[in-house]
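> Have a look at this one before I ask anything.
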Amino acid sequence: MAAQTAPSGPTTPPADPCTMEATDCILQEITTVGLRVEAMDSKISDLTVASTSIQPDITGFRETVTDLDRCLMTVEDHVATLPDQEAKLRSLRAKVIDLEDRSRRDNVSIFGITEHKECLPTGLVRYTK
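Its first residue numbered 1057, the sequence shown is counted upward by one per residue in this note's numbering.
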């Protein structure tokens, strides 16, 4: 009897059911990961579109805040000068009151002398001499 010779060339091992299950499981996970990546790409695209549409609003808000900041600085400058202006106003009021009082002191009232039309200031000089 002649000896049997082994076939030449690469031999494939017999299919192992455990290896087939692992391969199927890995392929299924790769497919699931691919679907998740596509879903994430879609969501990222939606976020990009949303952020692009919001950008002009953000720019407008930034300008508004800058304007409000300038206005606030102006108001703070005016508020800082209020105590000085209040002191000056009090001083001027006191001065006006003093001047009014002084002007009243110069008004002389003489009782008992009747005034006639001919008693103009030049006529009154006659009575004072």
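All C-beta atoms in this analysis are idealised placements derived from N, C-alpha and C, irrespective of residue type, glycine included.
1. For I1169, which of helix, strand or coil comes out of DSSP?
2. Kindly indicate which three-state DSSP category V1164 falls into: helix, strand or coil?
3. How long is the line joining the alpha carbons of I1114 and V1121, rounded to whole angstroms?
In brief:
1. coil
2. coil
3. 10 Å
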